[in-house]
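Participant:
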Amino acid sequence: MKTHRRDRGASAVEFALVAPIVVLLLLGIIAFGHAFHVQSVLSNAARDGVRVMALSDAPADARQTAIESASPSANVAASQITVTPASCAAAGTSGPGTATVTITYPLNLLGLGTPVNLTGKGTMRCNG
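Heads up: the sequence shown at position 20 corresponds to 20 in UniProt numbering, and the numbers run straight through without jumps.
1. Which term fits P114, buried or exposed, when burial requires 16 or more other beta carbons within 10 angstroms of its beta carbon?
2. For T102, which residues of its own chain have a beta-carbon under 6 Å away from its beta-carbon, when the five flanking residues on both sides are left out?
3. I'd like the span of the beta strand (DSSP E) that includes T104, first residue to last.
4. Quick one: what does DSSP say V116 is sitting in, helix, strand or coil?
5. For D61, report the span of its alpha helix (DSSP H) as first-last.
6. Looking only at its chain, what residues have a beta carbon closer than 7 Å to the beta carbon of T10, apart from the 5 residues adjacent to it on each side?
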């Protein structure tokens, strides 16, 4: 099969039209994979934090456990972690209540636009 001189330029034009679309698709796949990973890490960190809260009734320890569990994938600050209630003893008057740890983490996808807030949440019965 012979290639004509004018066909060589057509291949370059086709590549120039398709390449940006393929690159954007690849970047989208990478960004979604990263967001999915961070979401999984936040959920696991919240679960670890609520386990400490439910068993030891110590909100500060629950926050610290969640921070340690989330790093190094997510740089979570103590201010991004909500522990409710403040004490498991106050959770339920007629029986054991539940403790909840919620982590809200702003994730900046590819450095574009405003960050997307990802949330990890763990709930467990107080006192095991």
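Glycine included, every Cβ here is placed at the ideal spot set by N, Cα and C.
Facilitator: In terms of the structure at hand:
1. It is Thr, not Pro, that sits at residue 114 in the sequence shown. Label assigned to T114: exposed.
2. T82, K121
3. 98–107
4. strand
5. 59–70
6. It is worth fixing the name first, because residue 10 is Ala in this sequence and not Thr. Once the five neighbours on either side are set aside, A10 has no close Cβ partner at all.
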